[in-house]
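Comments concern the structure below.
Number of protein chains: 2
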Amino acid sequence: MTTPTRRLSRTDWAAAALAAIAESGMSAVAVEPLARRLATTKGSFYWHFANREALIEAALELWEQEHTEAVIARVEREVDPRQRLRLLLTSAIILAQEDLIDAAVLAGARHPLVAPVLARVTERRVDYLAQVFRQLGFPPAQARDRGLLAYTAYLGQTQLIQAGLSAVPSHGPGMRRYVDRILGILTNP
Amino acid sequence: MTTPTRRLSRTDWAAAALAAIAESGMSAVAVEPLARRLATTKGSFYWHFANREALIEAALELWEQEHTEAVIARVEREVDPRQRLRLLLTSAIILAQEDLIDAAVLAGARHPLVAPVLARVTERRVDYLAQVFRQLGFPPAQARDRGLLAYTAYLGQTQLIQAGLSAVPSHGPGMRRYVDRILGILTNP
DNA sequence: TCCATACCGTACGCTACCGTACGGCGGTGA
DNA sequence: TCACCGCCGTACGGTAGCGTACGGTATGGA
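Order-wise, the sequence lines are chains R and L.
Positions in the first sequence are counted from 1; adding 2 to them yields this note's numbering.
Positions in the second sequence are counted from 1; adding 2 to them yields this note's numbering.
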């Protein structure tokens with residue numbers, strides 16, 4: 003995973019912080035515990051970062067890149083907009099189960115450093131969804147409504163899982179049927 | 003609100019803790035800050051509670067009662083199931099905007115004391131919604147699906163608001179039309 | 001009136017974490 | 001080989017909150 007060198011980079015710290023957020027939330031971004039986890043000391047940390055805030059910012063920046071821009075870029079390689087939407091939905095469903103980072107960031111929505119990033123990411127994702135619906139032929143206003151609806155469903159789903167009550171088939175043909183049903187509802191004029 | 007006496011009860015502390023959760027999340031349930039806020043000292047607190055955990059438990063118990071059982075009891079006074087559903091939806095929409103406690107508890111879903119309470123509350127709410135749909139004439143399995151769908155929409159909505167992007171008319175005739183639309187979708191066979 | 005009981009104030013020790021100061025080590029270029 | 005620089009280890013002081021010990025006060029019932 004990380005290089006076998008014992009010297010750490012700024013990005014190593016940011017990645018560790020992001021992992022800590024996913025596991026235990028914002029409060030887990032603490033310098034000394036992270037240092038223990040990375041088998042180093044605060045001396046390393048304060049060389050790469052001015053303070054704890056700077057680390058949180060770096061971690062959230064990483065999240066924004068990897069969990070929004072990168073996903074959009076990958077989906078954009080699909081040519082057919084309907085296939086794009088399907089790919090988006092399936093990856094969202096799978097991610098909502100395995101990957102806890104989105105839920106963890108949502109949970110920290112009130113944190114002053116999280117709020118602006120979260121707002122940007124939410125807007126970006128809804129915008130992209132709306133764009134896909136426009137490419138499917140819906141007029142702008144309707145496209146945005148449907149984008150919002152789709153994203154709300156995603157959020158609600160992650161929260162249900164957080165609450166320990168998953169009700170969505172997360173794999174296999176059950177999921178395929180489920181995705182098709184959702185797709186039908188979302189694209190039905 | 004509270005009695006003009008300066009002596010506090012166990013419930014006063016629990017209510018203050020719940021308010022603190024709504025404002026600033028689980029980590030805000032801290033003895034000394036709460037004591038300052040109540041214009042008293044830790045001496046009072048440790049008379050009424052064994053420790054911080056006990057306070058969190060009491061606060062969550064209060065939440066469970068006031069934000070689930072009490073709402074259900076009030077809605078139950080409505081005779082027509084379709085009216086019950088409408089009342090439930092409108093109060094949910096209004097609450098999702100004004101009242102931040104539900105979102106704050108969701109945000110603490112990973113906390114060991116929150117998780118079981120949240121699981122119970124979620125189950126209870128979905129069960130109740132399913133019951134209403136059964137009373138509307140849907141067969142049990144379909145009723146549960148629709149209950150889940152409705153609750154997912156509620157959760158997604160609160161999360162969107164948390165992310166600073168509200169897209170739902172929260173009052174007036176706009177909300178009435180919106181509720182009617184939702185009602186139509188949810189009860190359409 | 002007097003005392004028991006319920007409740008609160010205060011001082012203390014403990015732990016976890018933040019941030020700083022500074023010394024040291026190891027690799028790289030002259 | 002030596003000096004320099006990037007990176008890390010360590011020790012320290014400061015703060016915030018938890019929990020405890022114990023003394024103090026007020027209030028209602030005998």
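Positions of the beta carbon are idealized from the N, C-alpha and C atoms, including for glycine.
Is the stretch 165 to 174 of chain R touching the stretch 7 to 16 of chain L in the sense that three or more CB pairs, one from each, lie closer than 8 angstroms? No: the two stretches stay apart, fewer than three of their Cβ pairs being nearer than 8 angstroms.
Measuring CB atoms only, is the stretch 96 to 106 of chain L touching the stretch 152 to 163 of chain L, in the sense that at least three cross pairs come out at less than 8 angstroms? As far as the Cβ criterion goes, the stretch 96 to 106 of chain L touches the stretch 152 to 163 of chain L, which means the pair count is three or higher.
So which residues on chain L does R:G158 lean against when the C-beta distance must stay under 8 angstroms? Correct list: Y153, T154, A155, Y156, L157, G158, Q159, Q161.
Taking R:E125 as the query, report the chain L residues whose CB atoms sit under 7 angstroms from its CB, ordered along the chain. In chain order: L167.
Just list the alpha helix (DSSP H) runs in the stretch 15 to 94 of chain L, keeping only unbroken ones of 4 residues or longer that don't cross its boundaries, in chain order. Within the stretch 15 to 94 of chain L, the complete alpha helix (DSSP H) runs of at least 4 residues are 33 to 39, 44 to 50, 54 to 66, 72 to 78.
Contact residues within the stretch 26 to 37 of chain L, judged by C-beta distance below 8 angstroms to chain R: Listed by position, the residues of the stretch 26 to 37 of chain L near chain R (Cβ gap below 8 angstroms) are S26, G27, S29.
Quick one: what's got a C-beta closer than 7 angstroms to L:L150's C-beta in the same chain, skipping five residues either side? The residues are V128.
Cα separation between L:T4 and L:Q99? Per-residue confidence for L:T4 stands at a pLDDT of 40, beneath the threshold of 50, marking its modelled position as unreliable; the derived number appears in the next sentence. Cα to Cα, the separation comes out at about 25 angstroms.
Closer than 6 angstroms by C-beta to L:S172: which residues in its own chain qualify, once you throw out the five before and the five after it? Chain order, please. Here L:S172 has Q99 as same chain residues with Cβ atoms under 6 angstroms from its own Cβ, once five neighbours each way along the sequence are excluded.
Distance between L:R9 and R:V123 (C-alpha atoms, nearest Å): Computed Cα separation, rounded: 47 angstroms.
At the level of alpha carbons, what is the spacing between L:T154 and L:L40? Taking the straight line from one Cα to the other gives about 37 angstroms.
Contacting residues, own chain, Cβ-Cβ under 6 angstroms from R:V181 (five flanking each side not counted): The answer, listed in chain order, is L91, T92.
Is there a Cβ from chain R that is less than 8 angstroms from the Cβ of L:R178? Cβ-Cβ to chain R under 8 angstroms: no for L:R178.
Would a check of beta-carbon distances place L:Q164 closer than 8 angstroms to chain R? Residue-level contact by beta carbon holds for L:Q164 and chain R, with a gap shorter than 8 angstroms.
Assuming L:D182 is part of the alpha helix (DSSP H), what are its boundary residues? Element bounds for L:D182: 174 to 189.
At a CB-CB cut-off below 9 angstroms, which residues of chain R make contact with L:L90? Here the premise fails: no neighbours, minimum Cβ distance about 16 angstroms.
Along chain R, which residues have their Cβ under 9 angstroms away from the Cβ of L:A111? Those within 9 angstroms of L:A111 in chain R are A105, A109, Q161, Q164, A165, G166.
Do we get a CB-CB distance below 8 angstroms when we pair L:L150 with the residues of chain R? Cβ-Cβ to chain R under 8 angstroms: yes for L:L150.
Less than 8 angstroms separating the beta-carbons of L:I95 and L:M28? It is not a contact, given that the beta carbons lie outside the stated cut-off.
State yes or no: is the beta carbon of L:L62 nearer than 8 angstroms to at least one beta carbon in chain R? Chain R, which has no Cβ nearer than 8 angstroms to the Cβ of L:L62, makes this no.
Please state if the CB of L:I58 and the CB of L:L115 are separated by a distance shorter than 8 angstroms. Contact: yes.
Is L:A143 close to chain R, meaning its C-beta is less than 8 angstroms from at least one C-beta of that chain? False, the Cβ-Cβ gap to chain R never drops below 8 angstroms.
What separation, rounded to the nearest whole angstrom, lies between the Cα atoms of R:A19 and R:L157? So the two alpha carbons sit approximately 23 angstroms from each other.
Taking Cβ positions only, does R:Y121 come closer than 8 angstroms to chain L? The amino acid occupying residue 121 of chain R in the given sequence is Ala; Tyr does not appear at that position. Contact of R:A121 with chain L is assigned, a C-beta pair being separated by under 8 angstroms.
Chain R partners of L:A117, CB-CB under 8 angstroms? The answer, in chain order, is G166.
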